[in-house]
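As they're listed, the protein sequences go chains A and B.
Each residue of the first sequence is one higher than the one before, starting from 102 at the first, in the numbering used here.
Each residue of the second sequence is one higher than the one before, starting from 45 at the first, in the numbering used here.
Take a look at the structure set out below.
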Amino acid sequence: MQGIYTSVTKIRRQVFAAVAKLAYEHDEYSSIEELPYQIIPGEVPTYRDSVFVERAIVGERLRLAMGLPLRRADEHSALSKGVTECAVPKKFFSAPLVDVISFACNACPTNSYEVSNNCRGCLAHPCTSVCPVKAISIVDGKSFIDKEKCVRCGRCQQACPYSAIVHYDRPCAAACGVDAIGSDDLGRAKIDHDKCVSCGQCIVNCPFGAIADKSEIFQIIQSIKRGDKVCAAIAPSFAGQLGPLATAEKLHEAFKILGFDDVVEVALGADKGAVAEAHHYAHKIPEEQPFLATSCCPSWSVLAKRTLPDLVDCVSESDTPMIETAKVIKKRNPNTKVVFVGPCVAKKLEATRKIVAGYVDFVITFEELMGMFVAKGVEFGDLTNDEPLNDASADGRGYAVAGGVADAIVKNINALYPDKEVKVDRAEGLKDCKKMLMLAKAGKRNGYLLEGMACPGGCIGGAGTLMPLNKASAAVKKYQNDSPYEIAKDNPNIDE
Amino acid sequence: MKKVKIEVCSGSECVMMGSMDIIEAIEGLKQVKQQLKLKAQIEIVPCKCLGPCKNENLAPVVKINDELITQATGDMVMSKIIAAIKD
Chain A
102 MQGIYTSVTK IRRQVFAAVA KLAYEHDEYS SIEELPYQII PGEVPTYRDS VFVERAIVGE
162 RLRLAMGLPL RRADEHSALS KGVTECAVPK KFFSAPLVDV ISFACNACPT NSYEVSNNCR
222 GCLAHPCTSV CPVKAISIVD GKSFIDKEKC VRCGRCQQAC PYSAIVHYDR PCAAACGVDA
282 IGSDDLGRAK IDHDKCVSCG QCIVNCPFGA IADKSEIFQI IQSIKRGDKV CAAIAPSFAG
342 QLGPLATAEK LHEAFKILGF DDVVEVALGA DKGAVAEAHH YAHKIPEEQP FLATSCCPSW
402 SVLAKRTLPD LVDCVSESDT PMIETAKVIK KRNPNTKVVF VGPCVAKKLE ATRKIVAGYV
462 DFVITFEELM GMFVAKGVEF GDLTNDEPLN DASADGRGYA VAGGVADAIV KNINALYPDK
522 EVKVDRAEGL KDCKKMLMLA KAGKRNGYLL EGMACPGGCI GGAGTLMPLN KASAAVKKYQ
582 NDSPYEIAKD NPNIDE
Chain B
45 MKKVKIEVCS GSECVMMGSM DIIEAIEGLK QVKQQLKLKA QIEIVPCKCL GPCKNENLAP
105 VVKINDELIT QATGDMVMSK IIAAIKD
């Protein structure tokens, strides 16, 4: 339900704002015990059967937002357990990044076919005729499916003239492109962390808000309070995300109020990457390597390397835009802490890799950033010290939308190597990405540039975004047009 | 033709609490104007912080033809707009 505002969204964001406020305004954090009572006041439940369950869930969300691990539901421990230890000005959270809050899970039926009330007990009952295993029969005048025999082929659903047969699939598992969601012994969703690539699609698709990721808001604010120089590296997908008043020129002043020292566009790193990949493709594909797969999407990149262990070299070794931009910031001042601000849960995982952790200190999403702005009372409508953001070209800014990475690279190949023929394929959503990878494995994508995006729509569809795709896409387009540079290779900043 | 002006607060707290979604709802309403037989000009104006949210839990805030609405939801706003037109 990316881009749609629901009660789940409301609670999640209230938690971010509460944690940011706690970090900014206090030096001692035992008052976390009071926060669930502020977010869920009174004695009458609003969202679930019991106000105590609502508060318990909010309690776990608060812990995750502080980077703390989930507590076991069958043992006693204080909500504030670990709160002092996590109040450090550096990366704190440990795996798993994404997990299910088990008692928030509705244990939705997994892949099954059900006969709904739409069934009219018709004369023809074609459902019974088409079932290959005779799992469906007429009981008390209505169709009935024997779950033990049913093989989930779906023919009964297709045959029913009243659309009375419904396919249930657990939304989290259906959204997961790597089949990482199974069940625990109580039938509740359980993530297989060996398969999970932290794309965050399950988080955004669970209608009960039972899945959540960990956050670094708390540690970032500790770093700011310590007096560290902190620089925001903001991803191009930010365009339009924080409302119509939060335009690019307002960002410098807004971040300063939060305690940051500077803001740099990650699209600058993307420009560097686009040019590097253009050279790579022109020189090596297909003579030295059969194809080139982009690597800026961490979930896609992990999936690609896992699916093609023998062709790992075909997945671009170039630094991702996040790393390139962080390197630029560290070069200007090695003591600066870099905070990547983006649409993405998987970037939090990418930043835990040893090589990356040396450049990127923290990662937050736009939703988490919103919580920080609210905690500090930042009103974009009142900011007047405009400072344009001019680090990147239209190419780098286009990385935010599916197809934008390939477009940028192709444009630069055409400009730098006009005689080079380029073939492109791309996929959105990890299921389709996997299909494309299998084609590449079978040798059917030789000579290609392959762009993979874990999130439908590309980065603007990430789990940390706030706007629906069509609005976000239009906002990115405008942001691209606002750039002083048309093409990545002509951006003078890439030589920094 | 009747005019309905809806000022939707785009301050930080209201955006966080879903004011952009209310704009989506109103735009959805505009698209079915014909079916609903609504003869009016509906104008959506995103505006800066209208104030009330500072007193906790009142976001999102919306103003319909100068009537202030707190804790606004998509359906609440849509029914108020329809009521304002049918007046």
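All C-beta atoms, glycine included, are put in the ideal place defined by N, C-alpha and C.
DSSP bridge partner residues for residue i (one or two, in chain order)
i: Arg-149(A); result: Its beta-bridge partners do not exist; DSSP assigns none.
i: Ile-246(A); result: Ile-237(A)
i: Asp-527(A); result: First, the residue type needs correcting, since residue 527(A) is Arg and not Asp in the sequence shown. Per DSSP, Glu-552(A).
i: Pro-489(A); result: Paired residue(s): none; Pro-489(A) is not in a bridge.
i: Ala-157(A); result: For Ala-157(A), which the question treats as bridged, DSSP gives no partner whatsoever.
i: Glu-176(A); result: In the DSSP output, where bridge partners are listed per residue, Glu-176(A) has none listed.
i: Gln-85(B); result: Lys-47(B)
i: Ile-266(A); result: Val-216(A)
i: Glu-111(B); result: Ile-108(B)
i: Ala-334(A); result: Val-365(A) and Phe-441(A)
i: Ala-394(A); result: Val-416(A) and Leu-551(A)
i: Val-52(B); result: Pro-90(B) and Val-106(B)
Min CB distance residue i to chain A below 8 Å
i: Glu-51(B); result: no
i: Leu-61(B); result: Note on residue identity: the sequence assigns Met, not Leu, to residue 61(B). Chain A, which has a Cβ nearer than 8 Å to the Cβ of Met-61(B), makes this yes.
i: Gly-72(B); result: no
i: Lys-92(B); result: yes
i: Gly-55(B); result: yes
i: Asp-65(B); result: yes
i: Glu-68(B); result: yes
Element boundaries [beta strand (DSSP E), containing residue i]
i: Phe-441(A); result: 438 to 443
i: His-380(A); result: Unbroken run through His-380(A) is the alpha helix (DSSP H), 368 to 385; no beta strand (DSSP E).
i: Cys-257(A); result: Element bounds for Cys-257(A): not the beta strand (DSSP E) but the alpha helix (DSSP H), 256 to 260.
i: Ala-589(A); result: Neither: Ala-589(A) is in no beta strand (DSSP E) and is coded neither H nor E.
i: Gly-283(A); result: 282 to 284
i: Ala-355(A); result: Per DSSP, Ala-355(A) belongs to no beta strand (DSSP E); it is in the alpha helix (DSSP H), 352 to 359.
i: Lys-291(A); result: 290 to 292
i: Asp-57(A); result: Summary: the structure shown does not reach residue 57(A), with chain A confined to residues 102 through 597, and so no result is reported for it.
CB contact check: residue i to chain B, cutoff 8 Å
i: Arg-114(A); result: yes
i: Lys-578(A); result: no
i: Met-471(A); result: yes
i: Val-364(A); result: no
i: Tyr-106(A); result: yes
i: Leu-551(A); result: no
i: Val-298(A); result: no
i: Phe-474(A); result: yes
i: Leu-165(A); result: no
i: Pro-481(A); result: With the sequence shown as reference, residue 481(A) is identified as Phe, and Pro is not the correct amino acid for it. For Phe-481(A), the answer is yes, since a Cβ of chain B falls inside 8 Å of its Cβ.
i: Met-568(A); result: yes
i: Thr-110(A); result: yes
i: Pro-391(A); result: no
i: Phe-345(A); result: At residue 345(A) the sequence reads Pro, which differs from the Phe that was named. For Pro-345(A), the answer is yes, since a Cβ of chain B falls inside 8 Å of its Cβ.
i: Ala-333(A); result: no
i: Ala-275(A); result: no
i: Ala-118(A); result: yes
Host alpha helix (DSSP H) of residue i (start-end)
i: Phe-463(A); result: Per DSSP, Phe-463(A) belongs to no alpha helix (DSSP H); it is in the beta strand (DSSP E), 463 to 466.
i: Val-506(A); result: 505 to 517
i: Leu-570(A); result: 570 to 582
i: Gln-323(A); result: 318 to 327
i: Leu-136(A); result: 136 to 140
i: Val-201(A); result: No alpha helix (DSSP H) holds Val-201(A); the beta strand (DSSP E) holding it covers 199 to 201.
i: Asp-119(B); result: 118 to 130
i: Asp-128(A); result: Unbroken run through Asp-128(A): none, as it is neither H nor E.
i: Ile-66(B); result: 63 to 75
i: Met-423(A); result: 422 to 433
beta-carbon residue i near the ligand HEM non-hydrogen atom, thresh 7 Å
i: Cys-297(A); result: The ligand HEM is absent from the structure shown, which contains no ligands of any kind.
>> If contact is defined by three or more beta carbon pairs under 8 Å, each pair taking one atom from either stretch, is the stretch 160 to 177 of chain A in contact with the stretch 218 to 230 of chain A?
In response: no
> Are three or more beta carbon pairs between the stretch 357 to 376 of chain A and the stretch 471 to 490 of chain A nearer than 8 Å?
Replying inline: yes
>> Below 8 Å, how does it come out for the stretch 493 to 509 of chain A and the stretch 569 to 588 of chain A: are there three or more Cβ pairs, yes or no?
In response: yes
>> Quick check: the stretch 109 to 126 of chain A against the stretch 294 to 314 of chain A, are at least 3 beta-carbon pairs closer than 8 Å?
In response: yes
>> With three or more beta-carbon pairs closer than 8 Å as the criterion, would you say the stretch 409 to 427 of chain A touches the stretch 458 to 472 of chain A?
In response: yes
> Between the stretch 505 to 515 of chain A and the stretch 379 to 386 of chain A, do three or more beta carbon pairs fall short of 8 Å?
Replying inline: yes
>> Across the stretch 431 to 441 of chain A and the stretch 332 to 350 of chain A, are there enough close Cβ pairs to call them in contact, namely three or more that are closer than 8 Å?
In response: yes
> Do three or more CB pairs link the stretch 467 to 480 of chain A to the stretch 540 to 556 of chain A at distances below 8 Å?
Replying inline: no
> Between the stretch 182 to 200 of chain A and the stretch 125 to 135 of chain A, do three or more beta carbon pairs fall short of 8 Å?
Replying inline: yes
> Hey, is the stretch 465 to 475 of chain A in contact with the stretch 565 to 572 of chain A, meaning 3+ C-beta pairs nearer than 8 Å?
Replying inline: yes
> Are three or more beta carbon pairs between the stretch 51 to 60 of chain B and the stretch 386 to 403 of chain A nearer than 8 Å?
Replying inline: no
> For the 8 Å Cβ check, are there 3 or more pairs between the stretch 291 to 307 of chain A and the stretch 245 to 259 of chain A?
Replying inline: no
> Is it a yes or a no for the stretch 268 to 282 of chain A touching the stretch 204 to 224 of chain A, going by three-plus beta-carbon pairs under 8 Å?
Replying inline: yes
> Is there contact here, the stretch 144 to 164 of chain A with the stretch 277 to 289 of chain A, by at least three beta-carbon pairs under 8 Å?
Replying inline: no
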